[in-house]
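Participant: Numbering (this note's numbering), first residue to last: 648 to 890. In this text, a Cβ means the ideal position worked out from N, Cα and C, and glycines have one as well. Just so it is clear, the structure is predicted and the values come from calculations on it, not from any experiment.
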C-alpha cells in the first residue's frame, strides 16, 4: 500500500510504501513502550510504525483526502489539549499513538499547541481558518477519538473546550476515550465534565476505562509509572472492540 502525505506551505510531498496491516487486534503481540526523547512537531501528524524515520521538518498538516487510505484499517484521531511546552498530557498522547500503531490502528494527532486556534464565536465552520477546517475534516473521517485532557480548575482546559465547541459537529455518534492528566491524585473526577460535553453536544459515547495520570506518574520528561501504559492499552483495546 502506498501512502501519500500531502503538501503544505512548509513541506514537500512525502511518499512511502508500507505493508498492509491486518485489522485483527488479537494477532498483535507487541508490548507497549514509551520511547525516550520524543517530541510533538507539526500541526496534525499521521503516525506510522516507522514514523521515527521521518524528520520533524517533513511532518505537515494533513487534509481530509489523505485520511483512511486503507478502508480496512480503523482510524483514530488523538487530540492533545494542553498548551504547556513541556506537557505531560502530550506524553500520554505520544504513548497512546505508539500503542495504537502496534495494534494496527491508523492514527492522527491534533496538537493544540501547534495549530492556529481561533475563538469559537458560532460562525460556520467554513469561516474558520485552514487549520481548523483541516482538523474538522480529519475528525469527521475518523472512526474514534482519544482526548488528552489536562485538568484546569477541576475541569476541562479552556483551549480543549474551545476546540470542541468549534469541531463537535464532526464527531456525532462516534466513540471516544479520555486520557486525563492532573497535578494531584484527587482530580480524576474532572473527566466527567468532558464526558458530559461529548455526550450532550455530539452524542459521543465515552469508552471505559478512563485513564488518569498525575504528577507522580512522570519523571524526567517520561512516563514513569508503567501501569499508565497498561491502562492506555486496555482503553485502546476496549475501543477497538466497540467499533
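Who are residue 869's beta bridge partners in DSSP?
Facilitator: The partner list for residue 869 (beta bridge, DSSP) reads 866.
Participant: Please report the residue range of the beta strand (DSSP E) in which residue 816 lies.
Facilitator: From DSSP, residue 816 is part of no beta strand (DSSP E); its letter is neither H nor E.
Participant: Can you list, in chain order, the residues of its chain with a C-beta nearer than 8 Å to that of residue 796? Leave out the 5 residues immediately preceding and following it.
Facilitator: Excluding residues within five positions, the ones whose Cβ falls inside 8 Å are 728, 736, 803, 804, 807, 825, 826, 827, 828, 837, 838, 841.
Participant: How many Å lie between residue 738 and residue 778 at the Cα?
Facilitator: The alpha-carbon atoms of residue 738 and residue 778 are separated by roughly 23 Å.
Participant: For residue 854, tell me which candidate among 846, 861, 759 has the shortest Cα-Cα distance.
Facilitator: Measuring from the Cα of residue 854, the nearest candidate turns out to be 846.
Participant: Out of curiosity, what's the CA-to-CA distance linking residue 877 and residue 782?
Facilitator: Their Cα atoms are separated by approximately 29 Å.
Participant: Would you grab the beta carbon distance between residue 821 and residue 790 for me? Rounded to a whole angstrom, and I think it's under 8 Å.
Facilitator: So it is a contact: roughly 7 Å between Cβ atoms.
Participant: By Cβ distance, which residues of its chain are closer than 8 Å to residue 875, with the 5 residues on each side in sequence left out?
Facilitator: Hits under 8 Å: 739, 742, 858, 860, 864.
Participant: Cutting at 7 Å between CB atoms, please list the residues of its own chain near residue 818, excluding the five before and the five after it.
Facilitator: Here the set comprises 786, 792, 849, 851.
Participant: Specify, as a first and last residue, the run of the beta strand (DSSP E) that residue 726 falls within.
Facilitator: 722-727 is the extent of the beta strand (DSSP E) around residue 726.
Participant: Using DSSP bridges, identify the partner residues of residue 801.
Facilitator: Answer by DSSP bridge pairing: none, since residue 801 is not bridged.
Participant: If distances are taken between C-alpha atoms only, which option among 748, 730, 744 comes closest to residue 759?
Facilitator: Among 748, 730, 744, the Cα nearest to that of residue 759 is on 730.
Participant: Check whether the Cβ atoms of residue 762 and residue 811 lie closer than 8 Å to each other.
Facilitator: In this structure, residue 811 does not lie closer than 8 Å to residue 762 by Cβ.
Participant: Tell me where the alpha helix (DSSP H) around residue 845 begins and ends.
Facilitator: Run containing residue 845: 838-849, per the alpha helix (DSSP H) assignment.
Participant: By how many angstroms is the C-alpha of residue 830 removed from the C-alpha of residue 702?
Facilitator: Residue placement at residue 702 cannot be trusted, given a pLDDT of 31 that sits under 50; what the coordinates show is reported in the next sentence. Approximately 32 Å, taken between the alpha carbons.
Participant: Who are the Cβ neighbours of residue 815 in its own chain at under 6 Å, not counting the five residues just before and after it?
Facilitator: Cβ neighbours of residue 815 beyond the five flanking positions: 848, 849.
Participant: Near residue 599, what residues of its chain come up, given a Cβ to Cβ distance below 7 Å and the 5 sequence neighbours on each side ignored?
Facilitator: This structure leaves residue 599 out entirely; the chain is present only between 648 and 890.
Participant: To which residues of the same chain is residue 724 closer than 7 Å at the C-beta, ignoring the five residues directly before and after it?
Facilitator: The answer, listed in chain order, is 755, 757, 785, 786, 789, 792.
Participant: Answer yes or no: do residue 868 and residue 733 have a C-beta to C-beta separation smaller than 8 Å?
Facilitator: Yes.
Participant: Output the residue ranges of the alpha helix (DSSP H) runs that lie fully inside the segment 771-802 and measure 4 residues or longer, sorted by chain position.
Facilitator: 777-788, all fully within the segment 771-802.
Participant: To the nearest angstrom, how far is the alpha carbon of residue 697 from that of residue 835?
Facilitator: Note that residue 697 scores a pLDDT of 36, beneath 50, so its modelled location is shaky; the value from the coordinates is reported in the next line. The straight-line gap from Cα to Cα measures roughly 34 Å.
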